[in-house]
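One structure below.
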Amino acid sequence: MLTYTPDQIRDSRLKPGNTGLVLPVRAAFVILVRNSELHQLRATIRQLEDQFNARHRYPYVFLNDKPFTEEFKRAMEWVTSGDCHFGLVPYEHWSMPPWIDRVRAKWAMTMMGSRVPYGDSESYRKMCRYESGFFFRHPLLDGFDYYWRVEPGVEFTCSIPYDPFKFMVDNNKSYGFAISLREIPVTVKSLWKTTNAFRAAYPDYTAPNNMLRWVTAPDGDYNMCHFWSNFEIASLAFLRSPQYTAYFDFLDRAGGFFLERWGDAPIHSLAVAMFLNKSQVHYFDIGYYHSPFQNCPTDPHFNAQHCFCNSNHSMIYNEDSCTNDWLAL
Ligand code: GDP
Ligand code: MN
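Here it is in structure tokens:
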């Protein structure tokens, strides 16, 4: 039985210079990360600070299924302007639930093997389940209303000359994305069927001006479109809502996180498509790169002034992007 010290479970490091700082939105960057990703994350945060946060000083919440090392915490304190909160993920949130058939789960991993990215990885499945159903329940997020997800290694290739959190609040937005694309079908074989069963069980939960058209193929099946969840700026109230948590519980019971390889991106996206009105979702046309795709603003004036990305390479021009279809809704 592993035991952790209180500081390994949650450790808030406030910067004296931020005392009395009043932010327009109760918001934070949320970063699930391993100790071994320290250097990729340093590079990412360096850019995020230069392009945006040095002018705002929003806080950071770092989460990990293993205790952060002192080296990791010090490095993050140095590279950030906002306060840093380090949290350990509780075991129940990072595990295969007891109702999953172990033999079938093992078989699924063997069958997918190396033919599908992370096909044979159990830890990747735990991560996807955590990002789908649990990160917003971490006590370190209790005081926040909005989050911006960041991953080690991503790049912010344009300055962000406004406050996206404030934009969300002022415009009544609940979910913001930068890149959309199509999922690998074998990873979500029964997700659509399970989602339809959920909708039948909870008919009142579907929003009047929903975006289900955006995720539905002409034959009525799932068209694999989803928002790429490695970047998202969203309302925590949305994830904490009875609709979202009922949907997650329903999916978790069905077992597809382990019996298939359901990603948090299609799950967040199907929830957004069902429960939100189109007006509550926003396409952030910001400079953002997560290998192998990027969003790069195409407005030549903005790009020239603010960016170091080539707009010809923006995902918006890729036939696997679903963003133009979303804009056309
Ligand atoms: P991909 O974007 O789908 O290729 O997946 P990533 O490897 O980028 O993982 C998604 C996020 O979860 C990243 O922020 C990773 O740092 C984090 N992550 C993935 N696996 C683990 C893990 O086992 N432990 C921790 N602490 N973080 C993880
Ligand atoms: Mn990633």
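Numbering-wise, this note's numbering puts 878 at position 113 of the sequence shown, and it's gapless, one number per residue.
No residue lacks a Cβ here, since even glycine has one placed at the ideal position from N, Cα and C.
Owing to the predicted nature of the structure, the values given are computational and were not obtained by experimental measurement.
- About 7 Å separates the Cβ atoms of residue 861 and residue 870, confirming a contact at the 8 Å cut-off.
- For residue 941, the number of other beta carbons within 10 angstroms of its own is at least 16, and it is reported as buried.
- Distance from the CA atom of residue 937 to the CA atom of residue 929, rounded to whole angstroms, is 12 Å.
- It is roughly 39 Å from the alpha-carbon of residue 1032 to the alpha-carbon of residue 781.
- Distances taken from the Cβ of residue 829 to the heavy atoms of ligand 2 include none shorter than 7 Å.
- It is roughly 38 Å from the alpha-carbon of residue 846 to the alpha-carbon of residue 949.
- Between ligand 1 and the CB of residue 888, the shortest heavy atom gap is smaller than 7 Å.
- The C-alpha of residue 850 lies about 37 Å from the C-alpha of residue 979.
- Counting only runs of at least 4 residues, the stretch 890-955 fully encloses the following alpha helix (DSSP H) elements, listed from N- to C-terminal order: 929-935.
- Shortest Cα-Cα distance from residue 908 to any of 873, 897, 794 involves 794.
- Counting only runs that start and end inside the stretch 796-835, the beta strand (DSSP E) elements of at least 3 residues fall at 825-829.
- Relative to the Cα of residue 1038, the nearest Cα in the group 990, 880, 828 belongs to 990.
- Cβ-Cβ distances below 7 Å link residue 858 to 895, 899 in the same chain, with the five nearest sequence neighbours on each side left out; the list follows chain order.
- Within the stretch 1043-1083, complete beta strand (DSSP E) segments of at least 3 residues are found at 1046-1048, 1053-1055, 1058-1060, given in chain order.
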